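Enquirer: Structure incoming, see below.
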Amino acid sequence: MKKYILYSTQEEWNASNDAMNTLFGLPDIHGNERYAEITQVSNLGHNDFGKYIFPITTQGNYVTINEFNVSDMVEFDPEWSSEII
Amino acid sequence: MTTISTTTSSTRPGSPSAGNAYFETDTKNYIIYDGANWRAYEWDATTANILSLEFDGGDRLDTTYGSSSDAASISFWMKSSDLSSYSVVVDNRDSGGTAQCINLWRPTSVDQYGQRFWYPTFKTSSGTNTNDPNYTQGGVILLASDASHDDAYTAGVANSFFDGGWHHVVVTLANEDVSGTLTTRYIMYKDGVEFINQLCTTANGWVNNNTFVGGDETVHYTFGDRRVGSSIGYSGKLDQMAFFESVLSPAQVSSIYNSGNGGDLINLGFSPAAYYRIGYYPLEDTNSDSSTASAGQDIGTVADYSGNNADAVQTTTSKKPNYVADPAF
């Protein structure tokens with residue numbers, strides 16, 4: 018199951034994503050275009066509203082959990098999104 | 005019963021006639037003598053479902069399959085015990101968020117309305133149809149989890165899809181003439197057995213009596229999460245995802261559910277519009293490095309076996325699902 022880091026600024030998110038793209042050599046010749054896609058906490062009532070959600074992978078070919086501080090990571094929160102459907 | 009005579013590669017008949025055929029027990033080849041040489045047809049190992057795809061809540065596969073048919077069925081196997089969050093199993097919405105065809109959602113264990121649903125939404129002539137008065141866009145109440153919202157369709161089946169075991173799911177949508185008016189009928193099956201079958205009318209709680217008009221071929225299905233909007237990913241495994249532009253009959257649903265190991269839908273005589281066999285040997289799906297798929301690996305492409313070339317792909321590495329050695333059957 019993925020972990021997540023919530024960044025306050027888009028610049029911080031971009032820096033981490035750029036680092037992971039570099040780590041994995043992305044984009045590559047196999048059609049892997051990027052490490053992650055930027056999303057924000059969209060629930061106005063959430064304490065972290067507006068923060069940028071960065072995924073941390075824990076399994077598969079692109080494991081990144083060892084690249085970041087575990088203390089910065091949080092579990093997925095279904096309340097991040099205010100959209101129901 | 006006619007059987008093929010057996011031989012071995014070292015004991016082939018010395019004076020064969022053209023057309024003589026044998027099964028070679030050591031090589032597992034089928035050999036036929038053409039009058040001058042033995043022609044061998046290599047075995048292709050067994051065909052079997054050996055893997056399934058695991059989605060971890062942020063993974064999804066984007067197909068290139070869309071449909072404008074006014075009849076639709078989806079068949080798949082799922083295994084999940086995650087009741088912690090909303091999840092989207094199958095999604096088919098345009099960039100504005102309008103449901104085109106069947107979308108299957110399940111909210112958190114008990115949502116803000118005290119309910120637990122699947123949301124098969126679909127497009128009608130006046131928008132998206134729903135029977136849930138609490139949602140502006142919604143769907144059929146299937147898995148209500150409290151008495152105040154329970155109904156005949158949901159009694160006794162709450163949570164039953166998310167009990168940690170494999171379950172076969174089929175949903176169908178089609179229009180039928182009801183007193184001169186085309187009306188949509190929605191049917192859902194669990195493990196080969198129908199447990200909801202209703203006309204989508206205001207009398208049954210839907211917001212309108214409009215009919216399913218089919219989706220947009222340019223709006224493609226996604227499974228594991230939605231493609232448009234914030235991630236509301238499914239946590240669990242999926243296997244044998246198939247899309248049809250027709251309504252599967254109860255007998256056909258039963259046939260799929262009872263097909264067992266080796267139950268490839270094409271071999272069973274079905275004609276899905278898109279068919280993701282998912283981990284079915286011989287594997288044609290590919291890992292992130294374009295090699296043949298294998299357990300434990302991120303999956304970049306899941307092949308469409310329908311013949312329509314609507315492969316399902318994921319190009320963002322953190323969103324790739326993983327193959328696991330836990331097939332549905």
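Protein chains in written order, with my numbering: chain A, 18 to 102; chain B, 5 to 333. Backbone N, C-alpha and C define an ideal beta-carbon position, used for all residues, glycine too. As the structure is a prediction and not an experimental result, all values here were calculated from the model.
Do the segment 74 to 82 of chain A and the segment 315 to 322 of chain B meet, that is, are 3 or more Cβ pairs less than 8 Å apart?
Expert: Touching, per the Cβ criterion.
Enquirer: Kindly indicate which residue of B:195, B:312, B:233 and B:234 has the alpha-carbon position closest to the one of residue 259 (chain B).
Expert: Closest by alpha carbon: B:195.
Enquirer: Apart from the five residues on each side of it in sequence, which residues of its chain come closer than 7 Å, Cβ to Cβ, to residue 11 (chain A)?
Expert: Examination of residue 11 (chain A) is not possible in this model, given that chain A is present from 18 through 102 alone.
Enquirer: To the nearest angstrom, how far is it from the Cα of residue 204 (chain B) to the Cα of residue 219 (chain B)?
Expert: The alpha-carbon atoms of residue 204 (chain B) and residue 219 (chain B) are separated by roughly 17 Å.
Enquirer: In chain order, which beta strand (DSSP E) runs of at least 3 residues are fully inside the segment 23 to 75 of chain B?
Expert: DSSP runs (the beta strand (DSSP E)) wholly in the segment 23 to 75 of chain B: 25 to 28, 34 to 37, 42 to 45 and 56 to 60.
Enquirer: Against chain E, does residue 93 (chain A) count as a neighbour if the rule is that its beta carbon must be under 7 Å from one of theirs?
Expert: Checking the listed chains, one finds no chain E in this structure; the protein chains it contains are A and B.
Enquirer: Determine which residues of the segment 61 to 78 of chain A have a Cβ less than 7 Å from any Cβ of chain B, and write them out in chain order.
Expert: Within the segment 61 to 78 of chain A, the residues whose Cβ lies closer than 7 Å to some Cβ of chain B are 72, 74, 76, 77 and 78, listed in chain order.
Enquirer: Since residue 128 (chain B) is in the beta strand (DSSP E), which residue starts that stretch and which ends it?
Expert: Here the beta strand (DSSP E) through residue 128 (chain B) covers 126 to 128.
Enquirer: If you measure between the beta carbons of residue 228 (chain B) and residue 59 (chain B), is that distance less than 7 Å?
Expert: Closer than 7 Å, so yes.
Enquirer: For residue 91 (chain A), I'd like the list of residues in its chain whose CB is within less than 8 Å of its CB, leaving aside the five on either flank, ordered along the chain.
Expert: Excluding residues within five positions, the ones whose Cβ falls inside 8 Å are 20, 21, 22 and 23.
Enquirer: Only counting the same chain, and skipping five residues up and downstream in sequence, which positions put a Cβ closer than 7 Å to that of residue 38 (chain A)?
Expert: Only 51 and 52 meet the Cβ criterion.
Enquirer: Given that a residue counts as buried once 16 or more other Cβ atoms are within 10 Å of its Cβ, and exposed if not, what is residue 192 (chain B)?
Expert: Label assigned to residue 192 (chain B): buried.
Enquirer: Spatial neighbours of residue 330 (chain B) within its chain, please: C-beta separation below 7 Å, excluding the five flanking residues on both sides.
Expert: If we look at residue 330 (chain B) and ignore the five residues flanking it on each side, its Cβ neighbours are 56 and 241.
Enquirer: If we define contact as Cβ-Cβ less than 7 Å, is residue 59 (chain A) a contact residue for chain B?
Expert: Output row for residue 59 (chain A): interface = yes.
Enquirer: Considering only the beta carbon of each residue, do residue 279 (chain B) and residue 246 (chain B) sit closer than 7 Å?
Expert: Taking 7 Å as the Cβ cut-off, residue 279 (chain B) and residue 246 (chain B) qualify as a contacting pair.
Enquirer: What residues from chain B crowd round residue 50 (chain A), counting only those whose CB sits closer than 7 Å?
Expert: Under the 7 Å cutoff, chain B gives 319 and 320.
Enquirer: Thinking just about the alpha-carbon of each residue, which of B:180, B:172 and B:251 is nearest to the one in residue 264 (chain B)?
Expert: Taking only the C-alpha atoms, the option nearest residue 264 (chain B) is B:172.
Enquirer: Could you check if residue 222 (chain B) is buried or exposed, using at least 16 other CB atoms within 10 Å of its CB as the buried criterion?
Expert: Residue 222 (chain B) should be labelled exposed.
Enquirer: Just the Cα atoms here: how many angstroms apart are residue 94 (chain B) and residue 51 (chain B)?
Expert: If I take the Cα positions, the gap works out to 27 Å.
Enquirer: Nearest chain B C-beta to residue 25 (chain A) closer than 7 Å, yes or no?
Expert: By this cut-off, residue 25 (chain A) is not an interface position.
Enquirer: Of the residues B:201, B:69, B:277 and B:213, which one's Cα is nearest the Cα of residue 183 (chain B)?
Expert: Comparing Cα positions, the closest option is B:213.
Enquirer: Would you please state the rounded distance, in angstroms, between the beta carbons of residue 289 (chain B) and residue 277 (chain B)? I believe it to be under 8 Å.
Expert: Actually they are not in contact, since the Cβ atoms of residue 289 (chain B) and residue 277 (chain B) sit about 19 Å apart, beyond 8 Å.
Enquirer: So, for residue 83 (chain B): in the same chain, excluding its five sequence neighbours on each side, which residues have a beta-carbon less than 6 Å away from its beta-carbon?
Expert: Counting only Cβ-Cβ distances below 6 Å, and skipping sequence neighbours, we find 170, 240 and 241.
Enquirer: Could you give the distance in angstroms between the alpha-carbon of residue 20 (chain B) and the alpha-carbon of residue 40 (chain B)?
Expert: Answer to the nearest angstrom: the Cα atoms are 9 Å apart.
Enquirer: Less than 7 Å between CB atoms is the rule here; does residue 293 (chain B) satisfy it with respect to chain A?
Expert: Output row for residue 293 (chain B): interface = yes.
Enquirer: Using a Cβ-Cβ cutoff of less than 8 Å, which residues in the same chain neighbour residue 187 (chain B) once the five nearest sequence positions on both sides are dropped?
Expert: So the list reads 179, 180, 181, 203, 204, 205, 213 and 215, once near-sequence residues are dropped.
Enquirer: With a threshold of 7 Å on Cβ separation, who are the neighbours of residue 328 (chain B) within its own chain once the five nearest residues in sequence on each side are excluded?
Expert: Same-chain partners within the cutoff: 55, 56, 58, 241 and 299.
Enquirer: Any beta carbon of chain B sitting closer than 7 Å to that of residue 55 (chain A)?
Expert: No, its Cβ sits nowhere closer than 7 Å to a Cβ of chain B.
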